[in-house]
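Trainee: Residues 1 to 137 (our numbering) are what the sequence shown spells out, left to right.
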Amino acid sequence: MDDVMKKRISIGIAVTCLLVAAIVFYKTTLSGPSTGANKNREVYLVCANPKCAKTTTMKMDKYREHMIANGSDPMESMMGMGDTDGPTDYCPQCGELSCYKGMKCEECGEIFPINYALGKDAYKCPKCGYDKYRNLD
Ligand SMILES: [Zn+2]
Ligand SMILES: [Zn+2]
1 MDDVMKKRIS
11 IGIAVTCLLV
21 AAIVFYKTTL
31 SGPSTGANKN
41 REVYLVCANP
51 KCAKTTTMKM
61 DKYREHMIAN
71 GSDPMESMMG
81 MGDTDGPTDY
91 CPQCGELSCY
101 KGMKCEECGE
111 IFPINYALGK
121 DAYKCPKCGY
131 DKYRNLD
């Protein structure tokens with residue numbers, strides 16, 4: 001087997017792995033085996049538009065409808081998580097592409113945008129410092 005062939009095969013494997021990971025992530029995040037529970041999962045959108053600056057709480061199924069209504073593919077958006085290039089979602093309040101996905105602090109209830117640029121501190125509550133994931137390691 002020549003080098004070009006080997007390269008092609010390894011790229012193929014990498015792409016397949018990525019696809020599988022994306023599909024698994026998509027299924028567990030957006031639909032999941034227990035659809036009932038996931039349907040009631042809430043999505044937080046924190047608007048970074050200074051004129052709006054609202055935080056929207058949406059049920060997962062409403063969020064999917066919202067994404068589709070705005071011409072976004074929910075799967076693409078989920079795959080874009082971790083991308084620090086900018087807002088990932090359209091704001092249901094002002095209509096701008098200015099929302100970051102948010103997270104609700106289990107300690108104080110503060111809803112804050114997940115800032116991937118902070119790396120390990122992305123999920124740390126800016127108000128009380130509680131970090132759901134930090135406690136796991
Ligand atoms: Zn807004
Ligand atoms: Zn907190």
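Glycine residues also receive a C-beta, built at the ideal position from the N, C-alpha and C atoms.
#1: Counting only runs that start and end within the segment 84-134, where is the beta strand (DSSP E) found for 3 or more residues in a row?
#2: Comparing the CB of C146 with every heavy atom of ligand 1, is any distance shorter than 6 Å?
#3: May I ask you to report which of helix, strand or coil DSSP gives C52?
#4: Mind checking V43: buried by the 16 CB within 10 Å criterion, or exposed?
#5: Take the Cβ of R64 as the centre, count every other Cβ of all protein chains shown within 10 Å, and call the residue buried at 16 or more, exposed below.
#6: Could you tell me which residues DSSP pairs with M58 in its beta bridges?
#7: Which residue marks the beginning of the alpha helix (DSSP H) containing S72, and which one marks its end?
#8: Is D3 helix, strand or coil by DSSP?
#9: Do the segment 47-66 and the segment 116-132 meet, that is, are 3 or more Cβ pairs less than 8 Å apart?
Mentor: Straight from the coordinates:
#1: Segments of the beta strand (DSSP E) lying fully in the segment 84-134: 97-104 and 111-113.
#2: Because the chain in this structure spans residues 1 to 137, residue 146 falls outside the shown range and cannot be described.
#3: In the structure shown, the three-state DSSP call for C52 is coil.
#4: Buried is the call here.
#5: Around the CB of R64, 16 or more other CB atoms lie within 10 Å, so the residue is classed as buried.
#6: Answer is V43, bridged to M58.
#7: Segment: none, S72 is in no alpha helix (DSSP H) and carries neither H nor E.
#8: The three-state secondary structure of D3, taken from DSSP, is helix.
#9: As far as the Cβ criterion goes, the segment 47-66 does not touch the segment 116-132, which means the pair count is below three.
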